[in-house]
Each structure stands twice: as C-alpha cells, then as structure tokens.
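Accompanying notes for the structure given below.
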Ligand code: PDD
C-alpha cells in the first residue's frame, strides 16, 4: 500500500520509525481516523477542526495547514484506489534524544495510511459489551496516541467474549474504548456532555444533526450505570461503527436483544447520508 510520510507518498515498506520519535517513546502525538464513502472523505472539515484543537491543547505545531493536509489525504485515498475505507493519520511531536520536556527545533512527523473498509449492508445487528472502570487520564477530549487505558479495557472485553467495553468513572458512564455511548429513554437520546472526560466524536455530533432532522430530542448530561442498564435502547457511535446497537451489557440483555426502533431510525438516516 501507499502511505503518506510528511508530504510524500511512499510504499509502506519504505516508511521507517525513528526510535527517538516521541510518538514511539511517549505517545506524544495526535491522530484522526476518517471514513471514506464512495471515494469521498466523510466530514473531513470536522476532523480537521478537531485535529487543530488537539494540536493546540498539546502545544504541537502542525507542520501543514488543514488545507494542505486535506489535499494530501485525498491523494492518498486516490493512490490506494479506495472507494469505501478508512484513513488513519497521526502527527507526533518529532524525533529527539529522549527527554520529557519539549525539545527545541524538532519537526513534527506525519504518517498516514488508507485501507479498504466495506460497509455492512445490514447495520441492525447489535454488539455485546462489558462494563469497565475508566482508568484513563483526565484529558480524554484530546485525540492523543496515548491509548493504553482504552487498549486494556478493549482487551478485557475480548477476553470475556464481548465486543466492546463501556467505561464508567464511579457511577457515571463516560464512553466506549473507541466510541461514544448513547442511551435511549422515553424517546429521548442521552449522552455524556462533551467535556474533558470524553472525546467529542464526529459521529456523535453527526447523530445530533440526524436526531434534529428526525425530531428526536438529545440531552447531553451525566448518566449512571444504573440508567444505562435500565435504558430502552443503547447504541454506540464512531467513525468505524457508525451507529451500532448494544444489545447486551454484562449479563443483561438490552432492548430484547435487538436494535431498538430509535436506533434503527438513526441507522437508516445515517445510511441515507452516506450511500
Ligand atoms: N476512535 N471515543 C473514543 C475514545 C474514540 O477513540 C473514538 C474514535 C470516539 C468516536 O469518535 P468519532 O466519531 O470521531 O470516530 C469516541 C477512532 C475511530 C479510533 O480510535 O480508531
């Protein structure tokens, strides 16, 4: 496959990681994952705005403008011949002999890839989840390469035969390991507010827009594990999973084990936007 390295297109085998790269040593960098539908980058502007925000929060100087980056990523998609797929790219603070504080005069390192990802024609089957303690740091709003808290929770899910882990801080449900979590109660959507405890997902925001079109009210607030387990429906949102029902949490079946009616309406509305 063809990868993006800074502003150059290389064969994947030609891309080498410098062992002194701060992304490698500290997870000192940021990333985005963007969906490609019919050869087009989906909600690219929103992803770029979030990237710029992540960079600002980490005081990382982006080596390219959002416009340059967008052009190069479009070219990456084109060179890989991707119609339906996923772009991943990351920017680290750069390579320097290891020191914790920011080294002076380093150039950030950008790497990106594009791969095929085919949409499931039937989006209505649900996934299973476990509950896991949210042990991550307190800046989950920044899309950084530091994902060990997410990785460990996801592995705990896989180890117990589940697809996903829904994270909670104390009684409060925050999000999934790589997705946001919504509950449906009495015809309303409830999801954690966009603060430092969650990533403000692009799909989450897109679902707000779909819900408005469908006249489904959305409430952003803390909700508890008990509310989650007593919900009429539960679904997750992410770039990869779009809108996906959660039909089992631990031993508890949600919504009779199937995607519920409001989740289905959102899935249909989502598909209409991307097909
Ligand atoms: N994950 N929360 C977390 C912790 C995430 O890592 C993600 C995305 C989301 C959903 O964000 P979005 O709707 O913008 O994809 C929420 C990406 C897909 C990943 O790590 O691969």
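Numbering (the UniProt record's numbering), first residue to last: 2 to 276. Glycine residues also receive a C-beta, built at the ideal position from the N, C-alpha and C atoms. Quantities reported herein were computed from a predicted structural model and do not represent experimental measurements.
First and last residue of the uninterrupted beta strand (DSSP E) at residue 36: Counting from 1 along the chain shown, the entry for residue 36 is found at position 35. First-last of the beta strand (DSSP E) with residue 36: 30-38.
Residue 93 and residue 164 closer than 8 Å at C-beta: Numbered from its first residue, the chain shown carries residue 93 at position 92. Numbered from its first residue, the chain shown carries residue 164 at position 163. At a Cβ-Cβ threshold of 8 Å, residue 93 and residue 164 do not count as neighbours.
Residues sharing a beta bridge with residue 161, DSSP: Translated into positions along the chain shown, residue 161 becomes position 160. Residue 161 is not bridged to any residue.
Residue from 190, 229, 228 with nearest C-alpha to residue 211: Locating residue 211 in the chain shown gives position 210, counting from the first residue. Looking at the Cα atoms, 190 is the closest of the given residues.
Residues that DSSP places opposite residue 170 in a beta bridge: Within the chain shown, residue 170 is the residue found at index 169, counting from 1. DSSP lists 173 as partners of residue 170.
Contacting residues, own chain, Cβ-Cβ under 6 Å from residue 148 (five flanking each side not counted): Here residue 148 corresponds to residue number 147 of the chain shown, with the count starting at 1. Its chain contains no residue whose beta carbon lies nearer than 6 Å to that of residue 148 once the 5 sequence neighbours on both sides are disregarded.
Residues proximal to ligand 1 by C-beta, any heavy atom closer than 6 Å: That gives 34, 151, 176, 179, 180, 181, 200, 202, 203, 204, 205, 238, 239, 240, 241.
Other residues of its chain near residue 58: CB distance less than 8 Å, five sequence neighbours each side excluded: Position 57 of the chain shown, counted from the first residue, corresponds to residue 58. Excluding sequence neighbours, residue 58 sits near 140, 142, 143.
Close Cβ partners of residue 45 (< 7 Å) along its chain, the five nearest in sequence each way excluded: Counted from its first residue, the chain shown places residue 45 at position 44. The answer, listed in chain order, is 35, 71.
Cut-off 6 Å between Cβ atoms - residues of its own chain near residue 209, not counting five sequence neighbours on either side: To locate residue 209, count along the chain shown from 1; it is residue 208. Around residue 209: 219.
Residues sharing a beta bridge with residue 240, DSSP: Sequence index remark: in the chain shown, residue 240 carries index 239 (1-based). Answer is none; residue 240 lacks a bridge partner.
Proximal residues to residue 253 (C-beta, below 7 Å), its chain only, five neighbours per side dropped: The count along the chain shown starts at 1 and reaches residue 253 at position 252. For residue 253, the CB contacts under 7 Å within the same chain, skipping 5 residues up- and downstream, are 230 in chain order.
Reference residue 276; option with closest CA among 84, 116, 127, 239: As a working note, residue 276 is residue 275 in the chain shown. Minimum Cα distance to residue 276 is reached at 84.
According to DSSP, residues forming a beta bridge with residue 26: Indexing the chain shown from 1 puts residue 26 at position 25. Note: residue 26 sits in no beta bridge, so no partner.
Three-state secondary structure assigned by DSSP to residue 46: Along the chain shown, one-based indexing puts residue 46 at 45. Collapsing the DSSP output to three states places residue 46 in a helix.
Cβ pair residue 51, residue 33 closer than 8 Å: Along the chain shown, read from residue 1 onward, the residue named residue 51 stands at position 50. Along the chain shown, read from residue 1 onward, the residue named residue 33 stands at position 32. Taking 8 Å as the Cβ cut-off, residue 51 and residue 33 qualify as a contacting pair.
When 162, 256, 120 are compared against residue 185, the one with the closest alpha-carbon: On the chain shown, position 184 is the one that residue 185 refers to. Distances from the CA of residue 185 to each of 162, 256, 120 were compared; the closest alpha carbon is that of 256.
Identity of the residue in 53, 78, 80 nearest residue 67 by Cα: In the chain shown, counting from the first residue as 1, residue 67 sits at position 66. Just measuring C-alpha positions, the residue of 53, 78, 80 sitting nearest residue 67 is 53.
6 Å Cβ shell around residue 277 - same chain, five flanking residues per side excluded: Since the first and last residues shown for the chain are 2 and 276, residue 277 lies out of range.
The segment 110-129 in contact with the segment 238-254 per 3-pair CB rule at 8 Å: Yes, since at least three Cβ pairs between the segment 110-129 and the segment 238-254 fall closer than 8 Å, the two stretches touch.
CA-to-CA distance, residue 124 to residue 40, given in whole angstroms: For this step, residue 40 is matched to residue 39 along the chain shown. For this step, residue 124 is matched to residue 123 along the chain shown. Going by the C-alpha atoms only, they are around 20 Å apart.
Spatial distance of residue 107 from residue 95 (CA atoms): By one-based count along the chain shown, residue 107 stands at place 106. By one-based count along the chain shown, residue 95 stands at place 94. Roughly 6 Å separates the two Cα atoms.
Selection from 78, 122, 171 that minimises the alpha carbon distance to residue 3: Residue mapping note: residue 3 aligns to position 2 of the chain shown, counting from 1. It is 78 whose Cα lies nearest to the Cα of residue 3.
Rounded Cβ spacing between residue 179 and residue 114 (contact assumed at less than 8 Å): As a first step, residue 179 must be located in the chain shown, where it is residue number 178. As a first step, residue 114 must be located in the chain shown, where it is residue number 113. Wrong, their Cβ atoms sit about 17 Å apart, outside the cutoff.
Own chain partners of residue 205 with C-beta closer than 6 Å, once the 5 adjacent residues on each side are dropped: As a working mapping, residue 205 is identified with position 204 in the chain shown. Excluding five sequence positions before and after residue 205, the CB atoms of its chain that fall closer than 6 Å to its own CB belong to 181, 238, given in chain order.
Runs of beta strand (DSSP E) wholly within the segment 90-151 (minimum 3 residues, chain order): DSSP runs (the beta strand (DSSP E)) wholly in the segment 90-151: 110-117, 128-134.
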